[in-house]
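Peer 1: Chains as they are written, first to last, in my numbering: chain A, 1 to 752; chain B, 1 to 157. C-beta: ideal position from N, C-alpha, C; glycine also.
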Amino acid sequence: MTLIGAGVPRPDAADKVRGEARFVDDLAFPGMLHARVIRSPIPHGRILRVDLSRVATHPRVHCTVTPDDVPGENVVHVIYDDQPALASDVVRYVGEPVALLAAEDRESAREAETLARVDYEALPAVSDPLEALRPGAPVVAVPAAAEGRDESPNLFNRMRLVKGDVKRGFAEADVIVEGEYRTGYQEHAYLETQGAIAVPEEQGAITIYGSLQCPFYVQGAVAKVLGLPLAKVRVVQTATGGAFGGKEDVPSQVASLAALLAWKARRAVKLVYDREEDVLTTSKRHPSVVRYKSGAKKDGTLTAIEVDFVYNAGAYQTLSSAVLWRGLLTAAGPYRVPNVGIDGRSVATHTVPNGAFRGFGSPQVIFAHESQMDSLAERLGMDRLEIRRRNALRVGDETACGQKLKESVGVLETIERARELSRWEDRLRAVAAFNASHPHRRRGVGVSSVLYGVGLGAKSPFLDKAGAYLKLEADGSVTLAVGTVEMGQGLTAALSQIACDALGIRIDRLQLTPVDTTRVPDSGPTVASRGTLMSGLAVLDAVKKLRARILDASNGLGIPEEEIPARLNEIARSFFLRNLDPAVEGWAHAEPVDWDPETGLGNPYFVYSYATHVAEVEVDLTTGEISLEDCVAVHDSGKILNQGTASGQVEGGIVQGLGFAVTEEIAEKDGRLKVKGFTTYRIPTIRDAPPSPTVEFVEALYSPGPFGAKGLGEVPLMAAHAAIARAIAHAIGKAVSAYPLSPERVRQALAS
Amino acid sequence: MKISLTVNGAQRAFDVHPGDTLLEVLRREGYKGVKKGCGAGDCGACAVLLDGRAVNSCLVLAGKADGSEVLTIEGLSKDGALHPLQEAFLDEGAVQCGYCTPGMIIASLDLLTHHPDPNEEEIREGIAGNLCRCTGYTKELRAIQAAAEKMREARHG
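1) Return helix, strand or coil for A:LEU421, following the three-state DSSP convention.
2) Between which two residues does the alpha helix (DSSP H) harbouring A:CYS500 extend?
3) Ordered along the chain, which non-local residues of its own chain (more than five positions away) have a Cβ less than 8 Å from that of B:LYS2?
4) State yes or no: is the C-beta of A:ALA331 within less than 8 Å of the C-beta of A:HIS369?
5) Chain B partners of A:PHE23, CB-CB under 7 Å?
6) Excluding the 5 residues preceding and the 5 following A:GLY644 in the sequence, name in chain order all residues of the same chain whose CB lies nearer than 7 Å to its CB.
7) Scan the segment 56-101 of chain B and note each continuous beta strand (DSSP E) run of 3 residues or more that stays entirely inside, going in chain order.
8) By how many angstroms is the C-alpha of A:ILE305 removed from the C-alpha of A:SER609?
9) Mapping the DSSP letters down to three states, classify A:GLU699 as helix, strand or coil.
10) Cα separation between A:MET382 and A:ASP299?
11) In three-state DSSP terms, what is A:SER88?
12) Thinking just about the alpha-carbon of each residue, which of B:LYS35, B:LEU5 and B:LEU82 is nearest to the one in B:ASP66?
13) What residues from chain A crowd round B:ASP160, counting only those whose CB sits closer than 7 Å?
14) Out of A:ARG567, A:ASP541 and A:TYR93, state which residue places its alpha-carbon closest to the alpha-carbon of A:ALA553.
15) For a quick check, are the C-beta atoms of A:GLY638 and A:LEU537 less than 8 Å apart?
16) Write down every uninterrupted run of the beta strand (DSSP E) in the segment 295-349 of chain A whose length is 3 residues or greater and which is fully enclosed by it, in chain order.
17) Cα separation between A:PRO525 and A:ALA466?
18) B:ARG124 versus chain A: which residues are under 7 Å apart at the beta carbon?
19) Taking only the alpha-carbon atoms, compute the straight-line gap between B:LYS64 and B:GLY52 and give it to the nearest angstrom.
20) Helix, strand or coil for B:ARG152? Go by DSSP, reduced to three states.
21) Considering only their Cβ atoms, is the gap separating A:ALA99 from A:ILE38 smaller than 8 Å?
22) Distance check for A:ILE505 and B:ALA128, CA to CA, integer angstroms please.
23) Below 7 Å on C-beta distance, what does A:LYS16 contact in chain B?
24) Which residue marks the beginning of the alpha helix (DSSP H) containing A:LEU380, and which one marks its end?
25) Verify the CB distance criterion: does A:GLU696 have a CB-CB separation below 8 Å to chain B?
26) Only counting the same chain, and skipping five residues up and downstream in sequence, which positions put a Cβ closer than 7 Å to that of B:GLU92?
27) Among the candidates A:GLY711, A:THR517 and A:GLU744, whose CA atom is the shortest distance from the CA of A:GLY457?
28) At a CB-CB cut-off below 7 Å, which residues of chain A make contact with B:LYS78?
29) Residues of chain B with a CB under 9 Å from the CB of A:PRO693: which are they?
30) Which first and last residues belong to the alpha helix (DSSP H) in which A:ILE666 is found?
31) So, does the CB of B:THR113 fall closer than 8 Å to a CB anywhere in chain A?
32) Do the segment 353-362 of chain A and the segment 241-257 of chain A touch if we need at least three Cβ pairs shorter than 8 Å?
33) For A:VAL55, which residues of its own chain have a beta-carbon under 7 Å away from its beta-carbon, when the five flanking residues on both sides are left out?
34) Output, in sequence order along the chain, the residues in the segment 471-494 of chain A whose CB is closer than 8 Å to any CB in chain B.
35) Would you identify the three-state DSSP class for A:GLY638, choosing helix, strand or coil?
36) Measuring alpha carbon to alpha carbon, tell me which residue in B:ARG124, B:VAL70, B:CYS134 and B:THR113 is nearest B:CYS97.
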């Protein structure tokens, strides 16, 4: 075992530094047309008339598409099928697709778009989720998608978790703190915008090329909108320029739109979004309102929490029910809490549908639970790290939802290691000294601890599987096909390491098959920090099967086991000459999970990852500007298979967390997002990044995982933003209760 | 209109429309390593060297570049051998999704050409116009430092 845990270079990186990686907009097909989407300019209205006659007269326009042209079901298939591919009677958000056109070139498509005429009868709209819940509010949700319609027509989902006796818990508490926390939109801001190319194929089939996380979701969506069997729809993932959850469900929409045009035109059609179009019309992190009440004894022991949280889901369900579910199961944090009452609601509004974003409904409640921990510590006169240490989950403890943790609980170790690495006490003293000598600047230190349920969990256990096709080529090189995707996170490296390590071959003797639904096994979505864990297990299963065949063959050849790696080409040749089957299929499915929607209790995830971050910030008291001076990030994701890609994930998560907490903001008024690409949506630059973050992994091994690995991708952001927010609160000595902590908001807090 | 550009050492003539940006022309002519991230000069993904200086090619009208020398990411490696910056980005693990990488490397090349021995602040200044959503910039900073050292060594033989 030499490759596991090493900093093996990424097999996908060389093409990227040469500029040779092919992203979707880099591809072209013979006769390819360029698409534009005609979108609703209003948040709510009835479509009276769609007149594309002038569009059709543009000499370079090839065809247009309206709902009448949809051969299958007019839906973007995600979970509830409430979102139409093209709105046919009512529009429910600004930017909702209404009609499509395809032209010979991009410029003509753009010109022709301006010739479309759509008449609407504007209807009253609601964009605030709390207002949308009031009686008499304009109705947004399609009735079938509003699970909570008996309570309110705009209540998509309500989920509760009740354990113990919250009243008694608060009665036993020596201190009780309450708070309300709000977070705004966060845009994924992947550097490559959304895009897909649809190519009609022979025998009534179609191929989609696209920037995406979930090839099999896209396959299902396109099949549904075109009314085709799945076997007729092939999806090929192109190099994907960042995703972060933003390419989980949205590519199903983008690909469906491209496919509708291609199907009618009988030609290849490319649909690539502009930056502004992408920011305005694709999913974002759910804005939230979270109310918290927490009780603790004098020694800091938590006795009860009560949580009420509301997420603004936007106009259609997409992934909001799953996002809400993860929020529910994260809201108690990585702590022992005997008495718990959590109540979450996702609400329909006339705004762009929100969806998956790194953390998936957990960062909003993490901001709240970590703020509450600090408030308790303050009231108790206790150190902030110490109160987390005292309550941290250990092996044998029960989580808030009653799940007994059997193994791999490293949160305590992350707290203790973060204390050492950050030199916590020294740092607090140094900050106090700095503040005493700088009248116009304040430094502060914050800490946050988080837990993350790895994988899809009991909400969709049927998706938590993965496959791997492994083939020994006649020269002893190896081909591997998996159905989870590389999107920058480093999956290619990790899976190559696992396979090459077990087979004893060099990384450059293995080739991963490009992800293509006709060539790779359905491995579920590449989300929920599950790629390395689930596909890694599938690869190990395949390797085990192939090794058994290799051993048989080597025995026949009289090759001793230790010589197998060096003589694999001979063995492979014998497979070829003796007509042995050189291909195997590996399969993995997650450990069983269960969850009771009535009580909210159960074993919703098979394992959890943990992290503790310590952040130090400096606040300019005059301007309200914040700089992130340092960050210590300690993670337990079980075994780390590749130090380089793992630390890259953490460093990136810290900076994305900084964006969420401090710089990134989208104002919304009357259902309209006030944002113009990156000009007004400020993601952190290298100037904002901390000079030299410390990243360390404690490895509480998960025995069923590949070499003991769990999941990592989302966790860094989840821990980082809250540590930064708490550092800001510490610096200014005031409560902070809303993201982003922009200079304006910091100045307001200072004045309060 | 026709313009003439020397792209990666080869002089070529291009037919362009008056409104075409250098980014559009380069990509249309097959230099797909030049990436469009925003089209508004905010992200740096489309950076190329124009007469030796890094520019956001989405902000340059192709007509204005007539007669200029352009270097894109495709022109950086010589006879298949990677440029020290490309090597350093690989060695330091500074590449994740890779979409910002060409622009980031071009901006770094401009920086190191004009400041062979930059301090950390100068590196930050030099690539402040290049957005990356994956890496947190830590490994990119290290890669640029490592490349600077290699390039200085090469220069001093």
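Peer 2: Checking against the coordinates, here is how it stands:
1) The sequence position of residue 421 of chain A within the first sequence is 421, counting from 1. If DSSP states are grouped into helix, strand and coil, A:LEU421 belongs with the helices.
2) Residue mapping note: residue 500 of chain A aligns to position 500 of the first sequence, counting from 1. Element bounds for A:CYS500: 491-503.
3) As a working note, residue 2 of chain B is residue 2 in the second sequence. Within the same chain, B:LYS2 has close Cβ partners ALA13, PHE14, ASP15 and VAL16.
4) Taking the first residue of the first sequence as position 1, residue 331 of chain A is located at position 331. Taking the first residue of the first sequence as position 1, residue 369 of chain A is located at position 369. Between A:ALA331 and A:HIS369, the C-beta spacing is below 8 Å.
5) Position 23 of the first sequence holds residue 23 of chain A. Close partners of A:PHE23 in chain B (Cβ separation under 7 Å): TYR99.
6) As a working note, residue 644 of chain A is residue 644 in the first sequence. So the list reads GLY7, once near-sequence residues are dropped.
7) DSSP runs (the beta strand (DSSP E)) wholly in the segment 56-101 of chain B: 69-71.
8) The count along the first sequence starts at 1 and reaches residue 609 of chain A at position 609. The count along the first sequence starts at 1 and reaches residue 305 of chain A at position 305. Rounded to whole angstroms, A:SER609 and A:ILE305 show a C-alpha spacing of 22 Å.
9) For the purposes of this step, residue 699 of chain A is taken as the residue at position 699 of the first sequence. Looking at A:GLU699 - three-state DSSP - the assignment turns out to be coil, as it is neither helix nor strand.
10) Numbered from 1 along the first sequence, position 382 holds the residue referred to as residue 382 of chain A. Numbered from 1 along the first sequence, position 299 holds the residue referred to as residue 299 of chain A. Whole-angstrom Cα-Cα distance: 8 Å.
11) The residue you call residue 88 of chain A lines up with position 88 of the first sequence. Looking at A:SER88 - three-state DSSP - the assignment turns out to be coil, as it is neither helix nor strand.
12) The residue you call residue 66 of chain B lines up with position 66 of the second sequence. Of the candidates B:LYS35, B:LEU5 and B:LEU82, the one whose C-alpha sits nearest the C-alpha of B:ASP66 is B:LEU5.
13) With chain B covering 1 to 157 only, the question about residue 160 of chain B has no answer from this structure.
14) Locating residue 553 of chain A in the first sequence gives position 553, where the first residue counts as 1. Taking each of A:ARG567, A:ASP541 and A:TYR93 in turn and checking the Cα distance to A:ALA553, the smallest one comes out for A:ARG567.
15) Locating residue 638 of chain A in the first sequence gives position 638, where the first residue counts as 1. Locating residue 537 of chain A in the first sequence gives position 537, where the first residue counts as 1. Between A:GLY638 and A:LEU537, the CB-CB gap reaches or exceeds 8 Å.
16) Segments of the beta strand (DSSP E) lying fully in the segment 295-349 of chain A: 302-314 and 339-348.
17) As a first step, residue 525 of chain A must be located in the first sequence, where it is residue number 525. As a first step, residue 466 of chain A must be located in the first sequence, where it is residue number 466. If I take the Cα positions, the gap works out to 9 Å.
18) Here residue 124 of chain B corresponds to residue number 124 of the second sequence, with the count starting at 1. One finds ILE686 and ARG687 in chain A with Cβ atoms closer than 7 Å to the Cβ of B:ARG124, taken in chain order.
19) Numbered from 1 along the second sequence, position 64 holds the residue referred to as residue 64 of chain B. Numbered from 1 along the second sequence, position 52 holds the residue referred to as residue 52 of chain B. Roughly 15 Å separates the two Cα atoms.
20) The residue given as residue 152 of chain B occupies position 152 in the second sequence. Helix, per DSSP.
21) In the first sequence, counting from the first residue as 1, residue 38 of chain A sits at position 38. In the first sequence, counting from the first residue as 1, residue 99 of chain A sits at position 99. Against a cut-off of 8 Å, the Cβ pair of A:ALA99 and A:ILE38 comes out as a contact.
22) Translated into positions along the second sequence, residue 128 of chain B becomes position 128. Translated into positions along the first sequence, residue 505 of chain A becomes position 505. Cα-Cα distance, rounded: 41 Å.
23) The count along the first sequence starts at 1 and reaches residue 16 of chain A at position 16. Result: VAL95, GLY98 and THR101.
24) Position 380 of the first sequence, counted from the start, is the residue given in the question as residue 380 of chain A. Note, A:LEU380: alpha helix (DSSP H), 363-380.
25) Taking the first sequence and counting its residues from 1, the one referred to as residue 696 of chain A is at position 696. No, because no Cβ of chain B sits closer than 8 Å to the Cβ of A:GLU696.
26) In the second sequence, counting from the first residue as 1, residue 92 of chain B sits at position 92. So the qualifying residues of the chain are LYS139, ARG142, ALA143 and ALA146.
27) Along the first sequence, read from residue 1 onward, the residue named residue 457 of chain A stands at position 457. Per the Cα distances, A:GLY711.
28) Residue mapping note: residue 78 of chain B aligns to position 78 of the second sequence, counting from 1. Within chain A, no residue comes near B:LYS78; the closest Cβ sits about 12 Å away, beyond 7 Å.
29) The sequence position of residue 693 of chain A within the first sequence is 693, counting from 1. Going along chain B in sequence order, the residues near A:PRO693 (Cβ under 9 Å) are GLY136 and THR138.
30) As a first step, residue 666 of chain A is located in the first sequence; it is residue number 666 there, counting from the start. Segment: none, A:ILE666 is in no alpha helix (DSSP H) and carries neither H nor E.
31) Within the second sequence, the letter at position 113 stands for residue 113 of chain B. Cβ-Cβ to chain A under 8 Å: no for B:THR113.
32) Yes, they touch.
33) Locating residue 55 of chain A in the first sequence gives position 55, where the first residue counts as 1. In the same chain as A:VAL55, and ignoring 5 residues on each side of it, the C-beta atoms closer than 7 Å to its own belong to VAL61, THR64, LEU101, ALA112, LEU115 and ALA116, in chain order.
34) For chain B, the residues of the segment 471-494 of chain A that bring a beta carbon within less than 8 Å of one of its beta carbons are MET487, GLY488, GLN489 and GLY490, in chain order.
35) Residue numbering aside, residue 638 of chain A sits at position 638 when the first sequence is read from its first letter. In this structure, A:GLY638 counts as strand in the three-state DSSP scheme.
36) Here residue 97 of chain B is taken as the residue at index 97 of the second sequence, counted from 1. Per the Cα distances, B:CYS134.
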